[in-house]
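In this note's numbering, the protein residues as written are 17 to 291. Every residue gets a Cβ at the ideal spot worked out from N, C-alpha and C, and that includes glycine. Written out below as structure tokens is the structure these notes cover.
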């Protein structure tokens, strides 16, 4: 199977079984999503990373804090055991509570130094917080081996919730987040939204000698996921839009970028110089 094809339904269902066991005995939200054949953005991201991690993989997880997958400890355990090396880098003290990484470093990825080159870097809900994208991507270029991959999973700059977030003072972000989805104040960080469209991601990574090899908009029905009647309505609206081949307005971005080899990188530089 081409690792750069979107996850299949069989792979996604396999993930649900790992995460929840017998889905028919899981909570109402899991059962309802399974009935409607809806997979969350987390499901898509986790399934893709599961495919990319092999016993030979040196994996750099950026900004994961206390867990690689906050809602999927079974997969985090599986992949931590599978990977040759798993390093977590995060500026928050949360990194010290991460039981899955083999090595941890507290600080910004821009300042991280390593004797290793990595085959895979993952940034789960991190890109929206990056204040200086070119510097971050330049560091990833240094850390990722040729033909290695960077996986970006983040919010869409133009989705309704993100637009509301942009106009909301940071001090109100956690109370609103807690109202709809729960969580702790320590897990709410300032946002910049400088890497939150396909166009910007592709431009930034191309400048950093990375090629886009996979990109998806992932429908996100999390807004009312804790409120049964509204969650039911969201799923029905999603089904109608899907039948009409229309995307759901609230969605996340999932992009995979392959580090160019030195030859391809020099070709890119040369082509830019000739313009």
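Original post:
Should residue 132 be labelled buried (16 or more other beta-carbon atoms within 10 Å of its own) or exposed?
Top reply: Exposed, because fewer than 16 other Cβ atoms sit within 10 Å of the Cβ of residue 132.
**OP:** On a CA-only basis, which of 95, 235, 114, 48 is nearest residue 175? Give me that one, please.
**Re:** Checking every option, the nearest Cα to that of residue 175 belongs to 235.
Original post:
Helix, strand or coil: how does DSSP classify residue 144 here?
Top reply: In the three-state DSSP reduction, residue 144 falls in the helix class (H, G or I).
Original post:
For residue 149, does the three-state DSSP call read helix, strand or coil?
Top reply: Looking at residue 149 - three-state DSSP - the assignment turns out to be helix.
Original post:
Using a Cβ-Cβ cut-off of 7 Å (strictly less than) and excluding sequence neighbours within five positions of residue 101, which residues of its own chain qualify?
Top reply: Counting only Cβ-Cβ distances below 7 Å, and skipping sequence neighbours, we find 74, 75, 118, 132.
**OP:** Could you work out which residue in 108, 134, 220, 252 is closest to residue 72 when comparing CA atoms only?
**Re:** The shortest Cα separation from residue 72 among 108, 134, 220, 252 belongs to 134.
Subject >> Extent of the continuous alpha helix (DSSP H) to which residue 129 belongs >> reply: No alpha helix (DSSP H) holds residue 129; DSSP gives it neither H nor E.
**OP:** Below 8 Å on the Cβ atoms is my guess for residue 78 versus residue 142; work out the distance and round it to an integer in Å.
**Re:** Residue 78 to residue 142, Cβ: 6 Å. Contact.
Original post:
Okay, do the stretch 256 to 271 and the stretch 205 to 217 touch, 3+ Cβ pairs below 8 Å being the bar?
Top reply: Between the stretch 256 to 271 and the stretch 205 to 217, the count of Cβ pairs shorter than 8 Å is three or higher; the stretches touch.
Subject >> Rounded C-alpha distance that separates residue 112 from residue 125 >> reply: Computed Cα separation, rounded: 16 Å.
**OP:** Work out the CA separation of residue 233 and residue 249 for me, nearest whole Å.
**Re:** Residue 249 and residue 233: Cα-Cα distance of roughly 21 Å.
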